[in-house]
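Student: Numbering (the working numbering), first residue to last: 939 to 1479.
Let me give you the structure first, and then I'll get to my questions.
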């Protein structure tokens, strides 16, 4: 029988959150054990730093400029290729996607896209190449206020929201509001809440239950591919209150990426392109990566500690959920023939440089991914640590290789290496990441390359004010320039080993100009051509 594949993803989880990657707070013994018995990629990077483009890359094995989802709010075309469909059609795999998908705009209260309509209909059948597909988002529902005497309308989000509304409505309001920056928790930190929901009803355990149930219903007649996709630790930061004593925020230090003082934050951000310090000050709003009203300079140290503590709790719950799923695999007798991959879509600033959330910030906090591959023991792959750069675009080709199928021409990555370059005698030279603005008034375009221990980011000339489709949905106001315009000669350059938090921008140093020029030339030579006409942005998220 062909090898089974369990792909587990989280959302917005940092590389250094895991014990196997140097994390010292959250206990992640299940994933750490996978890393110890498999391949741990020390320099895995995404190809975009927000959800929809990154997730579409995992599904298609293509760069955002090819599959077309260059930003949140751009729905993945319905005819886009799917690695799951490829495994099913060519390898006879049973397939399932359980948890967050987000290939189409998530807050679609009108039901414009099928991803959201499926939950409204109660449809859990085939979609995007998966035989079974059941979705969850970060919160259960949104409340639409009434403008008369009638009650406010509760609109469930995805299958999980509908399940919670139908079965445990008393817990629907326990989640923090998403993207409103409302203060909560113990410190008034944005998007935090001490959620009264029992752990068994929280979406992490609910998704693990789905996986256990689906796996339990399979037999040995065909191999299977299961993508389990947890919405955490993405904001809002509101895990079950009963779990908060795992990591008391009062016991935490500021994260190591925090400079320690406002003066030092301002010094570091002032040497970067203008939107970095503008975000911190609130003179430039990070609408594309977090709440538009949030101003990082307003954060207290205790609020950063609480956000981090709740994030660590979320990560522990994910690790334990992974353990339950793996126990089911073992109980079915499949452990020796099942490959397990664990990764995420993008990271989180999480206090680095005094900032929260994500956005057009090409640093390791957002680009660098936890990526662990535990090949099936029957494959006899020796444990390894791979320090060379690899990409999210390489995940789909790796699934093909596991299945014993040729990598189709439409995939743009290559199978992940099973050992380091030194062991196998060949190198993986570079990995690329891009950013293209979702809001036309921002019009930012970043292109990054990681190679030879350097991270180099080019800022192409801004197109702020140029229509991209969103104005058709939200009106002409979204065309108003954001206040930061790049001329095309700005950039960032960091030596990663010497500057692990990317505090010192060396873009303008004359002594390394030749290094910079070589990296920039290599970046543009390596970028795929992409679509001749970009897809339009159709929604704000």
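Backbone N, C-alpha and C fix where the C-beta goes; we use that ideal spot for every residue, glycine too.
Quick check: what's the CA-CA separation for residue 1212 versus residue 985?
Tutor: Position 274 of the chain shown, counted from the first residue, corresponds to residue 1212. Position 47 of the chain shown, counted from the first residue, corresponds to residue 985. Roughly 23 Å between the two C-alpha positions.
Student: Between the Cα of residue 1186 and the Cα atoms of 1245, 1197, 1203, which residue gives the shortest distance?
Tutor: Here residue 1186 is taken as the residue at index 248 of the chain shown, counted from 1. Per the Cα distances, 1245.
Student: Could you please give me the residues that DSSP links to residue 1380 through a beta bridge?
Tutor: Here residue 1380 is taken as the residue at index 442 of the chain shown, counted from 1. Answer is none; residue 1380 lacks a bridge partner.
Student: Is it buried or exposed for residue 955, if we count other Cβ within 10 angstroms and need 16 for buried?
Tutor: For this step, residue 955 is matched to residue 17 along the chain shown. The residue is buried, with at least 16 neighbouring Cβ atoms inside 10 Å.
Student: Pull up the distance between the alpha-carbon of residue 1082 and that of residue 1090, whole angstroms please.
Tutor: Stepping through the chain shown from its first residue, residue 1082 is reached at position 144. Stepping through the chain shown from its first residue, residue 1090 is reached at position 152. Distance between the alpha carbons of residue 1082 and residue 1090: 6 Å.
Student: Across which residues does DSSP place residue 978 in a beta bridge pair?
Tutor: Counting from one through the chain shown, the residue named residue 978 turns up at place 40. 1310, 1323, per the DSSP bridge assignment.
Student: Can you tell me whether residue 1164 is helix, strand or coil according to DSSP?
Tutor: If you number the chain shown from 1, residue 1164 lands on position 226. Strand.
Student: My assumption, with CB atoms under 8 Å, is that residue 1228 sits in contact with residue 1295. Please give the rounded CB distance.
Tutor: Your numbering for residue 1228 matches position 290 in the chain shown. Your numbering for residue 1295 matches position 357 in the chain shown. Correct: roughly 3 Å between the Cβ atoms.
Student: From the DSSP output, in three-state form, read off residue 1139 for me.
Tutor: Here residue 1139 refers to the residue found at position 201 when the chain shown is read from its first residue. Of the three classes helix, strand and coil, the one that applies to residue 1139 here is helix, per DSSP.
Student: Measure the C-alpha to C-alpha separation of residue 1420 and residue 1375 and round it to an integer number of angstroms.
Tutor: For the purposes of this step, residue 1420 is taken as residue 482 along the chain shown, with counting starting at 1. For the purposes of this step, residue 1375 is taken as residue 437 along the chain shown, with counting starting at 1. Computed Cα separation, rounded: 11 Å.
Student: One question on the structure: do residue 1034 and residue 1068 come within less than 7 Å of each other, judged by their Cβ atoms?
Tutor: The residue given as residue 1034 occupies position 96 in the chain shown. The residue given as residue 1068 occupies position 130 in the chain shown. It is a contact, given that the beta carbons lie within the stated cut-off.
Student: From residue 1352 to residue 1037, what distance separates their C-alpha atoms?
Tutor: On the chain shown, position 414 is the one that residue 1352 refers to. On the chain shown, position 99 is the one that residue 1037 refers to. Roughly 26 Å separates the two Cα atoms.
Student: Could you tell me the distance, in whole angstroms, from the CA atom of residue 965 to the CA atom of residue 1105?
Tutor: For the purposes of this step, residue 965 is taken as the residue at position 27 of the chain shown. For the purposes of this step, residue 1105 is taken as the residue at position 167 of the chain shown. Approximately 31 Å, taken between the alpha carbons.
Student: Should the stretch 1196 to 1210 be regarded as contacting the stretch 969 to 988, the criterion being three or more beta carbon pairs within less than 8 Å?
Tutor: No, they do not touch.
Student: Using only CA atoms, which one of 1299, 1281, 1280 lies nearest to residue 1288?
Tutor: Residue 1288 sits at position 350 when you count from the first residue of the chain shown. Of the listed residues, the one whose Cα sits closest to residue 1288 is 1299.
Student: Assign residue 1476 to one of three DSSP states: helix, strand, or coil.
Tutor: As a first step, residue 1476 must be located in the chain shown, where it is residue number 538. Coil.
Student: Under a Cβ-count criterion, where at least 16 other Cβ atoms within 10 Å of its own Cβ denotes burial, should residue 1338 be classed as buried or exposed?
Tutor: Here residue 1338 refers to the residue found at position 400 of the chain shown. Answer is buried; the Cβ neighbour count reaches 16.
Student: Compute the Euclidean distance between the alpha carbons of residue 1119 and residue 1128, then round it to the nearest angstrom.
Tutor: Working through the chain shown from its first residue, we reach residue 1119 at position 181. Working through the chain shown from its first residue, we reach residue 1128 at position 190. In a straight line, the C-alpha of residue 1119 is about 5 Å away from that of residue 1128.
Student: Compare the beta carbon distance of residue 1148 and residue 1072 with 7 Å and say whether it is the shorter of the two.
Tutor: Translated into positions along the chain shown, residue 1148 becomes position 210. Translated into positions along the chain shown, residue 1072 becomes position 134. Going by C-beta atoms, residue 1148 is nearer than 7 Å to residue 1072.
Student: Starting from residue 998, trace the alpha helix (DSSP H) in both directions and tell me its first and last residue.
Tutor: Start at 1 with the first residue of the chain shown, and residue 998 comes out as number 60. First-last of the alpha helix (DSSP H) with residue 998: 989 to 998.
Student: In whole angstroms, give me the CA-to-CA distance for residue 1441 and residue 1260.
Tutor: For this step, residue 1441 is matched to residue 503 along the chain shown. For this step, residue 1260 is matched to residue 322 along the chain shown. Residue 1441 and residue 1260: Cα-Cα distance of roughly 34 Å.
Student: Roughly how many angstroms lie between the CA atoms of residue 943 and residue 1160, to the nearest whole one?
Tutor: Residue mapping note: residue 943 aligns to position 5 of the chain shown, counting from 1. Residue mapping note: residue 1160 aligns to position 222 of the chain shown, counting from 1. The alpha-carbon atoms of residue 943 and residue 1160 are separated by roughly 12 Å.
Student: With DSSP as the reference, please indicate the residues paired to residue 1277 in a beta bridge.
Tutor: The residue you call residue 1277 lines up with position 339 of the chain shown. BP columns for residue 1277 point to 943.
Student: Is any heavy atom of the ligand MG found at a distance shorter than 6 Å from the C-beta of residue 943?
Tutor: With respect to the ligand MG, the structure shown offers nothing to examine, as it has no ligands at all.
Student: Could you pull the DSSP bridge partners for residue 1068 from this structure?
Tutor: As a working mapping, residue 1068 is identified with position 130 in the chain shown. Bridge partners of residue 1068: 1065.
Student: Which whole-angstrom value is the C-beta distance of residue 1153 and residue 1021, which I expect to be below 8 Å?
Tutor: Reading the chain shown from its first residue, position 215 is the one you call residue 1153. Reading the chain shown from its first residue, position 83 is the one you call residue 1021. With a Cβ gap of about 19 Å, residue 1153 and residue 1021 do not count as contacting.
Student: Contact criterion: CB-CB distance below 7 Å. Does residue 1168 meet it with respect to chain C?
Tutor: The structure shown contains no chain C, having only a single protein chain.
Student: Between 1428, 1002, 1077, which lies nearest to residue 1041 when the distance is taken from Cα to Cα?
Tutor: One-based indexing of the chain shown puts residue 1041 at position 103. The shortest Cα separation from residue 1041 among 1428, 1002, 1077 belongs to 1002.
Student: Go ahead and pull the three-state DSSP assignment for residue 1133.
Tutor: Here residue 1133 is taken as the residue at index 195 of the chain shown, counted from 1. Residue state, collapsed to three classes: strand.
Student: Where does residue 1221 sit, in a helix, a strand or coil, going by DSSP?
Tutor: Walking along the chain shown from the start, residue 1221 turns up at place 283. If DSSP states are grouped into helix, strand and coil, residue 1221 belongs with coil.
Student: Rounding to the nearest angstrom, what Cα-Cα distance links residue 1080 and residue 1350 in this structure?
Tutor: By 1-based counting over the chain shown, the position of residue 1080 is 142. By 1-based counting over the chain shown, the position of residue 1350 is 412. Whole-angstrom Cα-Cα distance: 38 Å.
Student: Below 8 Å, how does it come out for the stretch 1046 to 1053 and the stretch 1026 to 1033: are there three or more Cβ pairs, yes or no?
Tutor: Taking 8 Å as the limit for Cβ pairs, the verdict is that the stretch 1026 to 1033 does not touch the stretch 1046 to 1053.
Student: How far does the alpha helix (DSSP H) with residue 1094 in it reach, from first residue to last?
Tutor: Numbered from its first residue, the chain shown carries residue 1094 at position 156. Where residue 1094 is concerned, there is no enclosing alpha helix (DSSP H), although the beta strand (DSSP E) it sits in stretches over 1091 to 1094.
Student: I'd like the span of the beta strand (DSSP E) that includes residue 1176, first residue to last.
Tutor: Along the chain shown, one-based indexing puts residue 1176 at 238. Run containing residue 1176: none; DSSP gives neither H nor E here.
Student: According to DSSP, residue 1032 sits in a beta bridge with which residue or residues?
Tutor: Mapped onto the chain shown, residue 1032 falls at position 94. Bridge partners of residue 1032: 1162.
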